[in-house]
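Following: one structure in structure tokens, then a few remarks.
There are 4 protein chains.
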Amino acid sequence: MRLALTPSTDSGDYPFTHRVRTRFAETDAMGIVHHAAYLPYLEEARVALLRHLGHPYTELRSEGVDLVVLEAFVRYRRPLHFDDVVDLGLAVGAVTRTSFQLAYLLRVEDEVRATAVTVHGAIDADGRPRRLPGWFTGPQFTRP
Amino acid sequence: MRLALTPSTDSGDYPFTHRVRTRFAETDAMGIVHHAAYLPYLEEARVALLRHLGHPYTELRSEGVDLVVLEAFVRYRRPLHFDDVVDLGLAVGAVTRTSFQLAYLLRVEDEVRATAVTVHGAIDADGRPRRLPGWFTGPQFTRP
Amino acid sequence: MRLALTPSTDSGDYPFTHRVRTRFAETDAMGIVHHAAYLPYLEEARVALLRHLGHPYTELRSEGVDLVVLEAFVRYRRPLHFDDVVDLGLAVGAVTRTSFQLAYLLRVEDEVRATAVTVHGAIDADGRPRRLPGWFTGPQFTRP
Amino acid sequence: MRLALTPSTDSGDYPFTHRVRTRFAETDAMGIVHHAAYLPYLEEARVALLRHLGHPYTELRSEGVDLVVLEAFVRYRRPLHFDDVVDLGLAVGAVTRTSFQLAYLLRVEDEVRATAVTVHGAIDADGRPRRLPGWFTGPQFTRP
């Protein structure tokens, strides 16, 4: 495993926050949000972070840079339910020339529900690894 | 609306059948399969029909033909539950030079659960309408 | 079919609007939003409408009223793409003592992308049809 | 993290195998299967394993035992594409009185595509942790 981050449960450790509201379609027959639905929440939060930094993902893709998910880890601490308003904290770490990692904290009204880590790599239009754009390694990215 | 087919509830009217088993991830907090999960079932059955006819969808796509969904209609008659084994009957109709329609019957152990209709059009790699391949208008397609 | 509404393409016909942003997870290998992803958009907009009317869906469910989807129809007019901001217009119609219908208009920057209709019925905790709460048949609901 | 298993890339280490075919609905605009779609594959394989062992998940649920996902980890090694036929190998490990873990190997025609680990706990109808049924700790489960 390349997972290098250990996500904190202290919201102060997450410089960027994105809010989502859970959908009924994302619940399951246990009456809670299905565990697979968390990954699109993390992705939506990443997309919001890139937009916030002035480098929207659509711009990256039009420049021939795609970001692939190399690894994903989620720890489900307490369930999410339908219509919960979830605050996702994001923190960047473990940045290399071709990859970076994100730690996530999911809270509902300050109660921790889950933590997560994703590992990302940059590829070109042919699917080959390539360097991340320069701003990825600068403080603007790692300290949003 | 272009919907031209009225799906029968008689399984004898459906020349091709495809079987799926519902997933837990597809259920919702009402304890039944979520209504949005039916559309991927229909799609999986269409893909199976094309494979059965000797023209798999991947081959169509590599030839520059994409099939887009123009309209979709589902009537939910009785719910599906987790782990149900669903037999999807398919019948082709309303074939034109650039479009066709499919009627569907979803049953579990001969009990009707849903009926559906989808309307499809052929487009080229640039997203423009194009003629369907010739075999689409022949009896092999309309009578699988 | 019970579908009784013909959704207009004039945004002025839709008293309530809800906005969603498409997710990357909802796109498919054609590079557009997959047709099955529209149904959760419609559902999210319905939930927002009920909240706006002061009768959130979670409250309905805790009172033992569930709303089931009896029929769904979508007409895909122009594709949605990743990161599109979609304005969903909603209009209520065909209200009976146990069911109602909703018409939807999906636009991106005033360009029509899709129209849709869903048919809903009220059931009790045992899955049997029951009367809709009184406010469903009043002008507050049908004219949000 | 509780993750205790390191999934091998040798198919001989996985006593049980389940096959799925990827759906078009599961692809994304990169032309590959979206990373969130893997979790339902793992779940479908777990359900198939329980059925194979003579203790289907529906039976467990009717006995008041629910299995919750406490953690999930996926390493995406090479992408999956539409219509790929995926063989999922499963191996049980780290069994305690209230939890167990599963390691997964995803292959397409003997080429490794992904590895994964999930951590599961047993809960009762009120959501409280409870002991796993006895057969979970026996060799039948850990050596399917």
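Residue numbers (the numbering used here), protein chains in the order written: chain C, 50 to 193; chain V, 50 to 193; chain Z, 50 to 193; chain Y, 50 to 193. Backbone N, C-alpha and C define an ideal beta-carbon position, used for all residues, glycine too. This one's a predicted model, so the numbers in the text were calculated from it and none came from an experiment.
Cutoff 8 Å; reference residue i; Cβ partners in own chain excluding five residues on either side
i, result
"H84/V", "V123 and Y125"
"D173/C", "G113, V114, D115 and R179"
"L102/Z", "W184, Q189, F190 and P193"
Below-7 Å beta-carbon distance, residue i vs any chain C residue
i, result
"T107/V", "no"
Buried versus exposed, by CB contacts within 10 Å (16 or more), residue i
i, result
"P188/C", "exposed"
"S111/V", "exposed"
"E120/V", "buried"
"A165/Z", "buried"
"R48/V", "The shown model of chain V, from 50 to 193, leaves out residue 48/V, and the question about it has no answer."
"D77/Y", "buried"
"R156/Y", "buried"
"V134/Y", "exposed"
"E160/V", "exposed"
"P64/Y", "exposed"
"S148/C", "buried"
"G138/Y", "buried"
"E158/V", "exposed"
Residue i at chain V interface by Cβ criterion, 7 Å
i, result
"R162/Y", "no"
Cβ-based neighbour list, residue i, same chain, cut-off 7 Å, excluding 5 preceding and 5 following
i, result
"L54/V", "G142, A143, Q150, A152 and V166"
"R51/C", "L119, E120 and V168"
"D136/V", "T66, R68 and R156"
"W184/Y", "H104 and F190"
"Y132/Z", "The displayed chain sequence assigns Asp, not Tyr, to residue 132/Z. Here the set comprises R70 and T71."
"D62/Y", "A140"
"T58/C", "L154, V161 and T164"
"P56/Y", "A152, Y153, L154, T164, A165 and V166"
"E75/Y", "V82, H83 and A86"
"E92/Z", "none"
Closest Cα partner of residue i within the set the options
i, options, result
"F73/Z", "A94/C, S60/C, D62/C and P64/C", "A94/C"
"E108/C", "P182/C, M79/C, R192/C and V118/C", "P182/C"
"L98/V", "A140/V, R177/V and S57/V", "A140/V"
"Y87/Y", "R70/Y, S148/Y, H101/Y and Y106/Y", "R70/Y"
"D175/C", "S60/Y, S57/Y and M79/Y", "M79/Y"
"I81/Z", "T145/Z, R192/Z and H130/Z", "H130/Z"
"S60/Z", "L154/Z, Y106/Z and T145/Z", "L154/Z"
"T145/Y", "T186/Y, P56/Y and V96/Y", "T186/Y"
Cutoff 7 Å: residue i Cβ touching any chain Y Cβ
i, result
"D159/V", "no"
"A78/Z", "yes"
"L119/C", "yes"
Test: residue i CB closer than 7 Å to a CB of chain Z
i, result
"D115/V", "yes"
Sequence-distant residues of the same chain with beta carbon closer than 6 Å to residue i, five excluded per side
i, result
"R127/Z", "R162"
"Y90/Z", "V69"
"V117/V", "G170 and I172"
"Y106/V", "V96 and L99"
"R177/C", "none"
Heavy atom of the ligand NAP within 6 Å of residue i beta-carbon
i, result
"Y63/V", "Looking at this structure, you won't find the ligand NAP or any other ligand, since it has none at all."
**Asked** For the stretch 84-106 of chain Y, which residues have a CB atom closer than 8 Å to at least one CB atom of chain V, in sequence order?
**Response** L88, P89, E92, E93, V96, P105 and Y106
**Interface residues of the stretch 52-75 of chain V facing chain Y [CB-CB below 7 Å]** = R72, F73 and A74
**Item:** Selection of the stretch 122-133 of chain C by Cβ proximity to chain Z, strictly under 9 Å
**Value:** Taking 9 Å as the Cβ-Cβ cut-off against chain Z, the residues of the stretch 122-133 of chain C that qualify are H130, F131 and D132.
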